[in-house]
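Working notes for the structure below.
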Amino acid sequence: MKYILLFFSILLSPSLFSNSFEFPTTIENVEGVTLELFDDPVPDNEETVHYIEGDKNLWERIQNGFAIKDIDNRRVKEYAKWYQSRPEYVERMIERSSRYLFHVVEEVEKRNMPMEIALLPMIESAYNPIAKSRQKAVGVWQFIPSTGKLFGLEQDWWRDKRRNIIDSTNAALDYLEYLHNLFGSWELALAAYNAGEGRVKRAILRNKKRKLATDYYSLRLPKETKNYVPKLLAVKKIIQDPERFQLYIKDIPDKPYFQVVNVPDEMDTHLAAELADIPFEEFQLLNAEHNRPLMKAHFGAQDILLPVDSVDTFLKNLEDHKDPLTNWISYTPIKGEKVNHVAKKFNIDIKELIKINQLRSNQTLKNKIILIPASPDVLKKYPINTDNLYSYSTIITHKIKPGDTLGGIAKKYKISIKDLMEFNELKSTKIIVGKYIDIPQ
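Going by this note's numbering, the first residue of the sequence shown is number 2, and it counts up by one from there.
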């Protein structure tokens with residue numbers, strides 16, 4: 002690690018991250034709250050189990066490793082109240098985290114870092130590996146493209162390692178360790194992770210010149226960054242005592258959820274899920290780095306992640322599988338070739354070709370790789386839904402005022418009344434002055 006930190010000290014100027022390493026953490030206050038909310042499908046039949054203190058599970062291990070000083074100020078209380086008022090959101094976040102949390106805890110523990118760091122993805126992305134912010138930050142740790150590349154997270158047409166839970170966790174912890182060594186405080190390290198190293202350095206220098214304290218709580222920082230640590234501490238308080246907040250936290254076993262499995266250099270994502278006998282959505286959440294329905298390694302074999310209980314099934318089915326491992330053709334267009342030419346050449350509907358490869362209708366395919374289904378049946382059996390590649394939304398909390406109507410609120414925020422009712426689980430269009438209504442954007 003000392004060599005990594007030496008490398009960072011050479012490459013990182015004080016301002017390098019000040020504008021480039023920023024994340025969507027925009028909860029404001031109780032009235033007019035905005036929050037970057039990341040969602041993905043969670044099975045309806047998942048049982049939510051109340052955490053009981055003393056259970057031998059991962060939460061106990063996490064709590065035993067907490068080391069950042071608790072502050073019970075207004076901001077912490079405000080964020081705790083926000084989460085308390087949204088139990089379904091908290092349950093989805095915990096359910097989602099259950100796939101990855103053991104691995105993150107293991108890595109945090111190896112580095113002797115405070116266990117609050119394992120909760121950081123809850124405020125960054127709600128532990129959603131396919132989350133994408135408006136700043137183009139991606140993955141559970143929310144790396145923007147430039148910072149991801151700096152930390153070795155490969156991003157190309159085939160894959161985006163910012164969505165790889167193993168690689169992105171290593172990168173995030175490397176960066177946080179560097180920041181902690183630089184600032185000597187986990188609160189300041191977290192502030193720099195959010196706002197950028199240069200911005201925190203400037204805030205410290207400003208206070209030093211005025212002979213003021215230079216701890217996190219004394220610095221003049223952007224509002225988002227001033228809220229960043231309190232938000233994390235609010236999540237910590239909920240994990241420590243869910244009963245106090247009338248919330249239920251699902252037990253997570255203190256054992257690995259997934260296992261790394263080596264597979265051939267070309268393989269369909271849908272086939273891998275079938276061979277493992279798991280839902281495709283589960284495979285996607287564990288292997289979110291893949292941008293295409295075909296997984297393709299640059300050199301030799303590649304690794305995938307599978308639930309531990311599914312590995313033996315996958316390996317046996319893979320050994321017995323005699324058909325091709327892919328239903329796709331990887332095609333490199335000739336110079337000057339356009340989308341419609343390729344569609345005609347392979348007798349594929351141009352709309353499907355555009356959707357599969359995220360192209361424009363009149364695009365000249367210079368230096369492009371194109372995926373072509375090997376047969377028309379491929380798209381019938383495995384329909385492509387590029388809308389789910391990234392998912393993010395912003396929630397705006399609107400306080401209902403005299404004269405407000407559901408239709409008026411829907412019109413103001415450009416959302417249908419039906420969607421607004423479904424999102425807030427309203428049974429009628431009647432609304433009550435003084436209450437709050439959430440609007441997804």
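We put the beta carbon where it would ideally sit given N, CA and C, even for glycine. Since the model is a prediction, treat every value here as computed from it, not as a measurement.
Give the DSSP-derived three-state secondary structure of Y217 in the structure shown.
The residue labelled residue 217 in the question sits at position 216 within the sequence shown. DSSP places Y217 in helix when its eight states are reduced to three.
Taking only beta-carbon atoms, is Y179 less than 8 Å away from chain C?
Included in the structure is just one protein chain, with no chain C present.
Once DSSP output is grouped into helix, strand and coil, what is the label at T170?
The residue given as residue 170 occupies position 169 in the sequence shown. Reduced to three states, the DSSP call for T170 is helix.
Whole-angstrom distance between V312 and M123, CA atom to CA atom
For the purposes of this step, residue 123 is identified with residue 122 of the sequence shown, where counting begins at 1. For the purposes of this step, residue 312 is identified with residue 311 of the sequence shown, where counting begins at 1. Taking the straight line from one Cα to the other gives about 28 Å.
Can you tell me the Cα-Cα spacing of M422 and I250, whole angstroms?
Stepping through the sequence shown from its first residue, residue 422 is reached at position 421. Stepping through the sequence shown from its first residue, residue 250 is reached at position 249. So the alpha carbons of these two residues sit roughly 27 Å apart.
Any beta strand (DSSP E) of 3 or more consecutive residues that is wholly inside the stretch 243-286:
259-264 and 267-269
Tell me where the alpha helix (DSSP H) around I370 begins and ends.
What you label residue 370 is simply residue 369 of the sequence shown in a count that begins at 1. Element bounds for I370: n/a, residue is neither H nor E.
Buried versus exposed call for D324 [16 or more other C-beta atoms within 10 Å across all chains shown]
By one-based count along the sequence shown, residue 324 stands at place 323. Exposed.
Within the same chain, show all residues whose beta-carbon is closer than 6 Å to that of K297, passing over the 5 residues directly before and after it, in chain order.
Position 296 of the sequence shown holds residue 297. Excluding sequence neighbours, K297 sits near W159 and E267.
I think A192 touches V201, with their Cβ atoms under 8 Å apart; what is that distance to the nearest whole Å?
What you label residue 192 is simply residue 191 of the sequence shown in a count that begins at 1. What you label residue 201 is simply residue 200 of the sequence shown in a count that begins at 1. That pair is a contact at about 5 Å.
Assuming contact is defined by CB atoms lying nearer than 8 Å, are I373 and W329 in contact in what I supplied?
Reading the sequence shown from its first residue, position 372 is the one you call residue 373. Reading the sequence shown from its first residue, position 328 is the one you call residue 329. Cβ atoms of I373 and W329: closer than 8 Å.
Please classify S147: is it buried, with 16 or more other beta-carbons within 10 angstroms of its beta-carbon, or exposed?
Position 146 of the sequence shown, counted from the start, is the residue given in the question as residue 147. Result: exposed.
Bridge partners - Y332, DSSP secondary structure assignment
The count along the sequence shown starts at 1 and reaches residue 332 at position 331. The partner list for Y332 (beta bridge, DSSP) reads I371.
Does the stretch 252-272 come within contact of the stretch 93-105, defined as at least 3 CB pairs closer than 8 Å?
yes
Among A235, E198, L407 and W60, which residue has its Cα nearest to the Cα of V106?
Here residue 106 is taken as the residue at index 105 of the sequence shown, counted from 1. Measuring from the Cα of V106, the nearest candidate turns out to be W60.
Quick one: is R293 buried, meaning 16 or more other Cβ sit within 10 Å of its Cβ, or exposed?
Within the sequence shown, residue 293 is the residue found at index 292, counting from 1. Label assigned to R293: buried.
In terms of DSSP beta bridges, what is Q303 paired with?
Within the sequence shown, the letter at position 302 stands for residue 303. V264, per the DSSP bridge assignment.
So, under 8 Å CB-CB, N263 and D304 are touching, yes? Tell me the CB distance rounded to an integer number of Å.
For the purposes of this step, residue 263 is identified with residue 262 of the sequence shown, where counting begins at 1. For the purposes of this step, residue 304 is identified with residue 303 of the sequence shown, where counting begins at 1. Sure, about 6 Å apart at Cβ, within 8 Å.
For L276, which residues in the same chain have their Cβ closer than 6 Å to its Cβ, ignoring the five residues on either side in sequence?
Taking the sequence shown and counting its residues from 1, one reaches residue 276 at position 275. Answer for L276: F315, N318 and L319, listed in chain order.
In terms of residues, what are the limits of the beta strand (DSSP E) holding L295?
Numbered from 1 along the sequence shown, position 294 holds the residue referred to as residue 295. It spans L295 to K297 - the beta strand (DSSP E) in which L295 sits, taken as one unbroken run.
Compare the beta carbon distance of R135 and G149 with 8 Å and say whether it is the shorter of the two.
Residue 135 sits at position 134 when you count from the first residue of the sequence shown. Residue 149 sits at position 148 when you count from the first residue of the sequence shown. Not closer than 8 Å, so no.
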